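A.B. asks: Here the sequence shown is numbered in my numbering, starting from 30 and rising by one per residue.
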Amino acid sequence: MNLKNSLLLVFILSAVLSCKEKTEQTTDMEVVLSKQLIPYDSPLLDFDDPSVVVVDFRKNDAYKEGHLPGAINFYRDDFQDTTLPYHGMRIEKEQMAKRLGEAGITENHTLVVYDNKGSSDASRLWWLLRLYNFDKVYLLDGGLSYWERMGGKSSREVPEMIPASFNFSDQADNMIVIEKEQILNLIISEASKAILLDARSAEEYKGLQHKSGAKKAGRIPKSINIDWAEAIDYGDTYTFKSVEELEKIYGKLGASKEDTIIVYCHSGVRSSHTTFVLTQLLGYKKVLNYDGSWVEWSFDDLLPYESDTLYIKEN
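(1) With DSSP collapsed to three states, give me the class of leucine 154.
(2) Would you call the CB atoms of arginine 248 and tyrosine 334 closer than 8 Å?
(3) How many Å lie between alanine 126 and tyrosine 161 at the Cα?
(4) Once you ignore the five residues that flank valine 166 on each side, which residues in its own chain have a CB closer than 6 Å to its CB?
(5) Starting from isoleucine 224, trace the beta strand (DSSP E) in both directions and tell me its first and last residue.
(6) As a quick exercise: from Tyr293, Thr303 and Phe103, pick the residue whose alpha carbon is nearest that of glutamate 325.
(7) What residues match up with glutamine 65 in a beta bridge as DSSP calls it?
(8) From glutamate 287 to aspartate 90, what does the alpha carbon distance come to, in whole angstroms?
(9) For threonine 289, report the span of its beta strand (DSSP E) as first-last.
(10) Cα separation between phenylalanine 195 and aspartate 78?
(11) Could you name the residues that DSSP lists as bridge partners for phenylalanine 86?
(12) Tell me which same chain residues have a C-beta within less than 7 Å of the C-beta of lysine 270, skipping the five on either side of it?
(13) Quick one: which unbroken beta strand (DSSP E) runs of 3-plus residues sit fully inside the segment 223 to 270? Chain order, please.
(14) Indicate the three-state DSSP secondary structure (helix, strand or coil) for leucine 310 in the structure shown.
(15) Output needed for leucine 213: all residues of its chain with C-beta closer than 7 Å, excluding positions within five of it in sequence on either side, in chain order.
(16) In the DSSP assignment, what residue or residues form a beta bridge with glutamate 335?
(17) When the Cα of histidine 96 is compared with those of Ile255, Val83, Lys64 and Ser184, which residue comes out closest?
(18) CB-CB under 6 Å to leucine 307, same chain, minus the five flanking residues each way: which ones, in chain order?
(19) Tell me, please, whether the segment 69 to 76 touches the segment 169 to 176 by the rule of three or more beta-carbon pairs shorter than 8 Å.
(20) What's the call for valine 81, buried or exposed, on a 16-neighbour Cβ count within 10 Å?
(21) I need the boundaries of the alpha helix (DSSP H) containing lysine 345, first residue and last residue.
(22) If contacts are defined as beta-carbon pairs under 8 Å, then tyrosine 143 and phenylalanine 86 qualify, I think. What distance do you get, rounded to the angstrom?
(23) Between the segment 101 to 110 and the segment 210 to 225, can you find at least three pairs of beta-carbon atoms closer than 8 Å?
(24) According to DSSP, is valine 141 part of a helix, a strand, or is it coil?
(25) Express the C-alpha separation of isoleucine 255 and leucine 275 in angstroms, rounding to a whole number.
(26) Classify lysine 315 as helix, strand or coil using the three-state DSSP reduction.
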């Protein structure tokens, strides 16, 4: 083989390998996006793309101290029903559409949501949007602190929000929620094989800590406790743990991917996070989030509950 042919062969092999590498990178990105979790260097964080809206889902004071460039600000209170004697319950679809539209968001946008708590708050907005059949919503792994840690720049500039019209589809709500009456029926049924997962801390689960907002401390009978924070690198990067680690953590449930798992926490926030982990990262097929969670359950004195005899009330 002469030199010219050798160079030609090298060029062809390089091109083939380059195409293969690009294909593999594209495939990896598609896998990540299909799980609705994106890394700090995702193409979705191209801040010049008008079709993508970045949502900082933290308290407004924290947002003002610095956020991703161009990010708008929402927090849990913006999507909470304030007509009830307890807090945390979701607002209806029409109200949510109005709030989104007022912020300049339409159903044609793609949303990237983050917080600075390991995605617990951001997962709440993710779950609400999925409940109302809006799927173009992704969580930023690690949130703001990891973004900055990896060299990302933050901004204090508040973007102008031009009101628009947001319309959810006419489909019935996604079957990813459960109400207290349904849970009660499952508890008293000897035939039910549904697994009830408490995503709170061990102290809350045992009834040793009474968090504000709830009428009393305790847990729903027959529930298993796995703290939501076990799923992330808590206290360091605040990114999600690997699938292998997550499989070990939630393997404690003894559930198959087809089993019904009902998740609750204090007010539906941490349980939204666990719902994200189970469905988007581990592939469980039927996971239901109890929106009212312990706050709602504790206010109904007719509902059964379990608790240790001593507890510390949180002010």
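Ideal Cβ placement from N, Cα and C applies to all residues, glycine included.
Note that the structure is a prediction, hence the values are computed from the model and not measured.
C.D. replies: In this structure, then:
(1) helix
(2) yes
(3) 10 Å
(4) Hits under 6 Å: Leu140, Trp155 and Leu158.
(5) 224 to 227
(6) Tyr293
(7) BP columns for glutamine 65 are empty, so no partner.
(8) 42 Å
(9) 289 to 293
(10) 19 Å
(11) Phe103
(12) Ala260, Ile261 and Asp262
(13) 224 to 227 and 252 to 254
(14) helix
(15) So the qualifying residues of the chain are Leu332.
(16) Arg248
(17) It is Ser184.
(18) For leucine 307, same chain residues with a beta-carbon under 6 Å away, outside a window of 5 residues either side, are Tyr313 and Val316 in chain order.
(19) Contact between the segment 69 to 76 and the segment 169 to 176 is present, because at least three Cβ pairs lie under 8 Å.
(20) Label assigned to valine 81: buried.
(21) Beyond the ends of the chain as shown, which are 30 and 344, falls residue 345; an answer cannot be given.
(22) 7 Å
(23) no
(24) Collapsing the DSSP output to three states places valine 141 in a strand.
(25) 11 Å
(26) strand
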